[in-house]
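Below is one structure, written out as structure tokens, with a few remarks after it.
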Amino acid sequence: MSRSRVDCRLGRDHELEVRQSIRLTKSADGTTIAWAEAGSGPALVKASNWLTHLEHDAESPIWRHWIQFFAQHYRFVRYDERGCGMSERDVAELSVDRSAEDLTAVIAAAKPQPPFVLLGISQGGAAAIRYAVAHPERVSHLILYGAYAQGRAKQGDAQAEDAQRARIALTRSGWGQNNPVYRQLFTSRFVPGASDEQIRWFNDLCRITATAEMAARIMEFRINVDETEWLPRVSVPTLVLHPRGDEAVPPAQSRLLASRIPGAALVELDSRNHILLESEPAWARFKQEVLAFTGRSAEGAGEGDAQLASLSPRERGILERIAKGCTNIAIGPQLFISEKTVRNHVTRIFAKLGVHSRAQAIVLALRG
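All residue numbers in the sequence shown are consecutive under numbering that gives the first Met the number 0, ending with 367.
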């Protein structure tokens, strides 16, 4: 059933117009799940993660560049999780089993052509892993970003578990309120690099996506997640990406995922943001890795995207450091190579990007 159709101008650089269709479906237990699709091409289905709202996110400086990127290269299917966003708010049960059923219901409604790419961001990783194990013939690639196999209560860190339980208690009292203390505590864990505008959007998202009680219930359910027994059963090609400085989900969880999933590749991104922001070099690296992994490096990409995708992993690493203001002398020791080797790489980077200065290279890197 169609709920709405909205046109969104997404992205500062590409000004890509994306038509988003929002529909409703029922999960196995009768819960109503709102899902959306945008773009065309091979399908990429994103398992739901916390803090989304299908309509709000399309205009949000926190999430719109994610939607733009995926819709530019894929038929992008996503949905709001139960209890949140445009999905049914008053739900009785929260569990990984129910989350996996919700994902299955959305896939049944959207009918993506198999095999398709499956993406699990943060809390969505558990449902994505479950689906990939149950239906390997339908999944061409599994991408896990900022995901985890163990909730805080299962990680063997009592102090971290206590801190999370304290945040849950604070959520019940401070969620959705214009409280600067709570806002700083909560927002700084997800997007510490956010601008004032992005913080305002993130705060609005918190208020409109779930009630205080539902937000606390979701957090309580997720601290007890333990999907480690499912990891060795994943048989599809898997890419694990994670910000090195992530405070919302410990980077150690990405290493656990990559070490237990057979053949999984791990890419650590130079960022502190759990939700990558459009302006940071780590976002460009994320896009490059996803496109290369799924075989979409050139197809559907703009000129700048294709140029960036042509760089080798070492060249991308050097470009990231150039964008952060590092000199050749500073880059060498970071990568355990000589200044001369760095200089030779920079020459090749400039040639591939079609630029003549570090400033031009930085502009292209930030646009990518």
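For glycine and all other residues, C-beta sits at the position ideal for the given N, C-alpha and C.
Quick caveat, the model's predicted, so the values are computed rather than measured.
To which residues of the same chain is residue i closer than 7 Å at the C-beta, ignoring the five residues directly before and after it?
i, result
"residue 37", "17, 18, 19, 66, 70 and 75"
"residue 104", "24, 25, 26, 27 and 32"
"residue 174", "205, 211 and 214"
"residue 135", "234 and 235"
To the nearest angstrom, how far is it from the Cα of residue i to the Cα of residue j?
i, j, result
"residue 172", "residue 195", "23 Å"
"residue 100", "residue 27", "6 Å"
"residue 31", "residue 48", "16 Å"
"residue 122", "residue 290", "22 Å"
"residue 79", "residue 85", "6 Å"
"residue 115", "residue 338", "43 Å"
"residue 373", "residue 158", "Past the edges of the chain, shown from 0 to 367, lies residue 373, and the structure says nothing about it."
"residue 11", "residue 120", "Any reading at residue 11 needs caution, since the residue's pLDDT is 39, under 50, leaving its predicted position unreliable; the model's value is listed next. Those two C-alpha atoms are separated by around 24 Å."
"residue 269", "residue 132", "30 Å"
"residue 166", "residue 222", "12 Å"
"residue 184", "residue 210", "18 Å"
"residue 365", "residue 278", "6 Å"
"residue 45", "residue 128", "12 Å"
"residue 224", "residue 73", "30 Å"
"residue 203", "residue 50", "10 Å"
Exposed or buried, which one is residue i when buried takes at least 16 other CB atoms within 10 Å?
i, result
"residue 168", "exposed"
"residue 335", "exposed"
"residue 280", "buried"
"residue 170", "buried"
"residue 286", "buried"
"residue 312", "exposed"
"residue 97", "buried"
"residue 295", "buried"
"residue 355", "exposed"
Smallest Cα separation from residue i: which of the options?
i, options, result
"residue 140", "273, 31 and 233", "233"
"residue 91", "235, 258 and 216", "216"
"residue 148", "314, 230 and 324", "230"
"residue 55", "72, 254, 83 and 189", "83"
"residue 145", "155, 357, 271 and 344", "271"
"residue 250", "137, 41, 154 and 295", "154"
"residue 218", "225, 126, 192 and 151", "151"
"residue 125", "110, 113 and 94", "94"
"residue 343", "327, 320 and 68", "327"
"residue 113", "180, 207, 138 and 102", "138"
"residue 107", "130, 348 and 87", "130"
Using a Cβ-Cβ cutoff of less than 6 Å, which residues in the same chain neighbour residue i once the five nearest sequence positions on both sides are dropped?
i, result
"residue 238", "142, 264 and 292"
"residue 322", "280, 361 and 364"
Per the DSSP calculation, residue i is bridged to which residue(s)?
i, result
"residue 119", "46 and 143"
"residue 78", "34"
"residue 110", "Note: residue 110 sits in no beta bridge, so no partner."
"residue 241", "267"
"residue 161", "Answer is none; residue 161 lacks a bridge partner."
Given residue i, which residues of its chain have a CB within under 8 Å of its CB, disregarding the five upstream and five downstream residues?
i, result
"residue 410", "Absent from the model: residue 410. The displayed extent of the chain is 0 to 367, so no value can be given."
"residue 190", "61, 197, 198, 201, 272, 273, 274 and 276"
"residue 259", "148, 227, 230 and 231"
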